[in-house]
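Numbering (the numbering used here), first residue to last: 194 to 614.
Each residue gets a CB set at the ideal place from its N, CA and C atoms; glycine is no exception.
Right, one structure below, let's go through it.
This is the structure we're talking about:
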């Protein structure tokens, strides 16, 4: 017996219904904020991802040499492909350019709850501006997407990689040592972090201060710590503007300043943010994004860019953990031919109702009325349309309301009126 590959999943109709509901909810918010949908190939040239993706992702790539000798990789994320698409074909479009997308991604990772080797990602890119109001709107949209999906327990964390670099600079740590420390910061392995700082010759006092600044939520305290760094001061002032927009214009106050946020992709800089679902435990991050610089690397003209990605599968898992009640998929009517002689007319009626966008199923098993009604109930049909010889003689059908059990006789010519709403 064949099985699906490790780290992949099959989705039954009920699960697909959930996924469809969440996708349409996400799409509706993107569109309300003026974003337009794009799509890129599932596989790209390997170099696209090795150029600036970070060691972790490179080690997890599904890559191969195709029959033409080209090095190809299944996409591990969607920002790089969309920026490649922008540089190749969209650079002359009016700015800002607001793009969103859905797509399956692939990483050779250890499968666990909420983490798979094939996973779906939703995301967006904002190209042309990183003004405070633009970044505030980006964060607000991400928050609204998750809120609109039905989640009630989410939390927003906001940081800044340029400020984090200034904090590192206070310890006189070179890039190679920063690269060693960043994964420890990312995973909140603070005991290991202190041990590494000690190994690097940092005094216990400076290490303790460094850790305190990483963990504080007081932006003024951080500002005081990096007061001699002009660039960091500008970043903090910009961050304060963003927070003011979130507070006053978007009414989002459920956030925490968190300078320990680091992104797993090397092209991020400046503002970064994450949105978590605390009930998911260790794998609680649903969304991550911020400012980044990738366009010049792909041969395009330097342009301000930002964006975010949402873990689609983990969002559904968070909804299930919160016991969110997904609407059941329903069908408008199930048609039951009482005898074989009624099949032709039943099929014709089904087609007429489908023309007015009613969802119609029909008994294809030639069952009796009792079993057909039982089946209609199992597929959540709102109504059953019973077509028998006595009814047809009078050019009528019997409609049964599957919820109340009420039955009415309706002329076939008036049947469409029962479904136009």
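- For residue 399, the secondary structure class from DSSP, reduced to helix, strand or coil, is helix.
- Rounded to whole angstroms, the gap between the alpha carbons of residue 427 and residue 348 is 26 Å.
- Bounds of any alpha helix (DSSP H) do not take in residue 284, whose DSSP letter is neither H nor E.
- C-alpha of residue 588 to C-alpha of residue 605: approximately 6 Å in a straight line.
- Closest option to residue 502, judged by alpha-carbon separation, among 339, 302, 607: 339.
- For residue 421, there are no CB contacts under 7 Å within the same chain when 5 residues up- and downstream are skipped.
- Within the model, the alpha-carbon separation for residue 532 versus residue 273 is close to 59 Å.
- With a minimum length of 4 residues, the unbroken runs of alpha helix (DSSP H) contained wholly in the stretch 521-559 fall at 536-547.
- Residue 319 carries a strand assignment under DSSP once its states are collapsed to helix, strand and coil.
- Using a Cβ-Cβ distance cut-off of 8 Å, the stretch 198-206 and the stretch 255-267 are not in contact, since fewer than three pairs of beta carbons, one from each stretch, lie closer than that value.
- One alpha carbon belongs to residue 416, the other to residue 431, and they sit about 12 Å apart.
- Look at residue 581 here: in three-state DSSP terms it is coil, with no helix or strand label.
- Straight across, the Cα-Cα distance linking residue 441 with residue 451 is about 21 Å.
- Distance from the Cα of residue 353 is smallest, within the candidate group 296, 425, 545, for 425.
- A Cβ-Cβ distance of about 5 Å is found for the pair residue 479 and residue 508, placing them in contact under the 8 Å criterion.
- Here the C-alpha atom of residue 232 lies approximately 8 Å from the C-alpha atom of residue 296.
- An exposed status is given to residue 257, since fewer than 16 other beta-carbon atoms sit within 10 Å of its beta-carbon.
- About 10 Å separates the CB atoms of residue 574 and residue 529; that is not less than 8 Å, and the two are not in contact.
- Nearest to residue 228 by C-alpha distance, out of 346, 294, 239, 599, is 294.
- From the listed residues 409, 536, 316, the smallest Cα separation to residue 580 is found for 536.
- Three or more pairs of CB atoms, one per stretch, sit closer than 8 Å, so the stretch 273-291 contacts the stretch 490-501.
- Between the alpha carbons of residue 312 and residue 380 lies a gap of roughly 22 Å.
- Taking each of 523, 454, 299 in turn and checking the Cα distance to residue 464, the smallest one comes out for 454.
- Take residue 315, set aside five residues on each side of it, and the residues of its chain with a beta-carbon closer than 6 Å to its own are 219, 295, 503, 505, in chain order.
- Excluding five sequence positions before and after residue 410, the CB atoms of its chain that fall closer than 8 Å to its own CB belong to 449, 450, 451, given in chain order.
- Between residue 553 and residue 547, the C-beta spacing is below 8 Å.
- If you compare the alpha carbons of 594, 591, 513 with that of residue 306, the shortest gap goes to 513.
- In this structure residue 269 touches residue 298 by the C-beta definition: roughly 6 Å separates them, less than 8 Å.
- Rounded to the nearest angstrom, the gap between the Cα atoms of residue 310 and residue 252 is 13 Å.
- Counted as a single uninterrupted DSSP element, the stretch harbouring residue 567 is not any beta strand (DSSP E) but the alpha helix (DSSP H) occupying residues 562-571.
- In the structure shown, residue 373 falls within a helical segment according to DSSP collapsed to helix, strand and coil.
- Note on residue 497: 16 or more other CB atoms within 10 angstroms of its CB, so buried under the neighbour-count rule.
- Comparing C-alpha distances from residue 383 to each of 542, 484, 405 shows the shortest one belongs to 405.
- Judged by DSSP secondary structure, residue 330 falls outside any beta strand (DSSP E) and instead within the alpha helix (DSSP H) spanning 325-341.
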